[in-house]
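Going by UniProt numbering, the letters in the sequence shown line up with residues 1 to 296, in that order.
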Amino acid sequence: MSEHYPVALIGPGAIGTTIAAALHEVGRTPLVCGRTAHQQLELRFDRGRIVVPGPVLTDPAEIKQPVGLVFVAVKATQIKATAAWLAKLCDEKTVVCVLQNGVEQKAQFADYVAGATVLPSVVWFPAQREPDASVWLRAKPRLTLPDTPEAGLVLKTLQGTRCEVDLSADFISVAWRKLLQNAVAGLMVLAGRRAGMFSRPDITALALAYLRECLAVARAEGARLSDDVPQEIIDGFHRAPADLGTSILADRQAGQPLEWDIRNGVVQRYGRNQGIPTPLSDLIVPLLAAASDGPG
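What follows is the structure in C-alpha cells.
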C-alpha cells in the first residue's frame, strides 16, 4: 500500500481487478481483500496486460488499522460477506466507494461501514472474468460519481490512471440511466443469449417497451431522462459485439445467485410505491427471481 494513498479494495472480480490494475499500474497498489487467496490478479486488454501481485487477503484479522478509501466491488448478493472486512477497514473518516449496480448503495451499506461515508458510483466499462481467472477489459474504464467533497478523494486516487472519473451534479439521473441499461440486459438471462439477441426485431420491440416502463418509474423517482433514452440504450446494444455478455448472464450460466432485485425488482418495487403500472416487470421479475433462487 502506498503511504500517500491508503486504499483497500474488497472483491477482486471483474470490476475490482480493473480498479486494482489501474492503481497498480501507476504505483498505488491497493490492499486487496477477497474470498480466494489469488497469488496475482491479471487484467488483459487489446494492447497488453497488467499483473497485480498478490496474494489476495482472505482473513479480516490481517487488517491492523482503517484506511482512507475502500473500493467495494462485490455483487449485491454478497454485501453481508463484506461486513467483517468493512468493520476492520473503516472508521468515521473513511470513504467507501461502492462499485456496484443499482440505485440503493447508500441504504444497502449503511449498517456495515462503522460511520464511514458511503459514496455510490456508476461503472461504465465492460469487464468480464475469463475461465483462467484473468479479466478481459473490452473498453476504456470510466466511473461517474456524485459531485460531493468525498468524491474528490476518489478523483485524486485515480488521477493519472487508465480509469477516468466523471463528477455529476445530477447523479440520480446518471444512476437511473445505467439502471435502465442493466434492467433490459436482464432479458439476456431469460433468453440465455448475449448482446447479439437485440438484433432481432421482436426483441428490440420488447426491450423498448420494457425500457419505457422503467423510464416512467425513473422519472417518478426524480431522474431527468428524455424520451430518447430507451432508443439510445437499444442502439448501444445494436452496436455492441454480438458476443458481449453481462454480469447477470455470467452468474446465471455459472449457477450463481442473481442481482435480480437491484437491477429489475427495484423498478417493480418503486413503481408500486409511485402507483405506476409495471406489467412487463410483473412478468420479468418473477422469472429472474426463480432463475436465481428457485425452487426447482
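Even for Gly, the Cβ is constructed at its ideal location relative to N, Cα and C.
Taking 7 Å as the limit between beta carbons, can you name the residues of its chain near Leu-280, skipping five residues before and five after? Excluding positions up to five away in sequence, the list reads Ala-209, Tyr-210, Glu-213.
Just the Cα atoms here: how many angstroms apart are Thr-29 and Leu-158? One C-alpha to the other measures close to 11 Å.
Going straight from the alpha carbon of Asp-282 to that of Tyr-112, what length do you get? About 31 Å.
Pull up the distance between the alpha-carbon of Arg-224 and that of Ile-203, whole angstroms please. It is roughly 26 Å from the alpha-carbon of Arg-224 to the alpha-carbon of Ile-203.
Rounded distance between the beta-carbons of Gln-108 and Ala-76, thought under 8 Å: A Cβ-Cβ distance of about 7 Å is found for the pair Ala-76 and Gln-108, placing them in contact under the 8 Å criterion.
For His-238 and Cys-33, the rounded distance between their alpha carbons: Going by C-alpha positions, Cys-33 is about 37 Å away from His-238.
Would you identify the three-state DSSP class for Leu-225, choosing helix, strand or coil? Coil at Leu-225, not helix or strand.
Please work out which residues of its chain come closer than 6 Å, Cβ to Cβ, to His-4, disregarding the five sequence neighbours upstream and downstream, and give them in chain order. Caution is warranted here: a pLDDT of 43 is assigned to His-4, below 50, making its placement in the model unreliable, and the coordinate value is therefore given only provisionally. Once the five neighbours on either side are set aside, His-4 has no close Cβ partner at all.
If you draw a straight line from the C-alpha of Pro-53 to the C-alpha of Ala-21, how long is it? Taking the straight line from one Cα to the other gives about 10 Å.
Identify, in the order they occur along the chain, each residue of the same chain with its Cβ nearer than 7 Å to the Cβ of Glu-92, setting aside the five sequence neighbours on each side. Excluding its 5 nearest sequence neighbours in each direction, Glu-92 has C-beta neighbours in its own chain below 7 Å: Gly-115, Ala-116, listed in chain order.
Trp-176 in three-state terms, based on DSSP: In the structure shown, the three-state DSSP call for Trp-176 is helix.
For my contact list, Gln-100 and Gly-245 are in at a C-beta cut-off of 8 Å; report their separation, rounded to the angstrom. A Cβ-Cβ distance of about 18 Å is found for the pair Gln-100 and Gly-245, leaving them out of contact under the 8 Å criterion.
Neighbourhood of Gly-296 by C-beta distance below 8 Å, restricted to the same chain and skipping five residues each side: Once the five neighbours on either side are set aside, the close Cβ partners of Gly-296 are Ala-290.
Could you have a look at Ser-281 and say whether DSSP puts it in helix, strand or coil? Three-state DSSP puts Ser-281 in a helix.
Local conformation of Lys-214 per DSSP, three classes: Here residue 214 is Cys; the residue named in the question, Lys, does not match the sequence. Shown here, Cys-214 sits in a helix according to DSSP, grouped into three states.
Bridge partners of Phe-171, per DSSP? BP columns for Phe-171 are empty, so no partner.
Minimum C-alpha distance to Arg-44 - residue among Gly-68, Asp-293, Ile-15: Closest by alpha carbon: Ile-15.
Check whether Thr-82 and Val-72 have beta carbons under 8 Å apart: In this structure, Val-72 lies closer than 8 Å to Thr-82 by Cβ.
How would you call Ala-218, buried or exposed, if buried means at least 16 neighbouring beta carbons within 10 angstroms? So Ala-218 counts as buried.
Kindly give me the distance between the Cβ atoms of Gln-105 and Val-118, rounded to whole angstroms, as I take these residues to be in contact under 8 Å. Right, their Cβ atoms sit about 6 Å apart.
Measure the Cβ-Cβ separation of Arg-263 and Ala-183 and say whether it is below 8 Å. Pairing Arg-263 with Ala-183 gives a Cβ-Cβ distance under 8 Å.
Would you tell me roughly how many angstroms separate the C-alpha atoms of Cys-163 and Ser-247, rounded to the nearest one? Looking at the two C-alpha atoms, the distance is approximately 20 Å.
I want to see whether chain D comes within less than 8 Å of Glu-62, judged by CB atoms only; does it? No chain D appears in the structure shown, which is made up of a single protein chain.
Can you tell me where the alpha helix (DSSP H) with Val-154 in it begins and where it stops? Its alpha helix (DSSP H) spans residues 151-158.
Exposed or buried, which one is Thr-17 when buried takes at least 16 other CB atoms within 10 Å? By the 10 Å Cβ count, Thr-17 comes out buried.
Secondary structure at Glu-62, three-state DSSP: helix, strand or coil? Glu-62 falls in the helix class under three-state DSSP.
Using a Cβ-Cβ cutoff of less than 6 Å, which residues in the same chain neighbour Thr-144 once the five nearest sequence positions on both sides are dropped? Excluding residues within five positions, the ones whose Cβ falls inside 6 Å are Val-122, Asp-166, Ser-168, Val-174.
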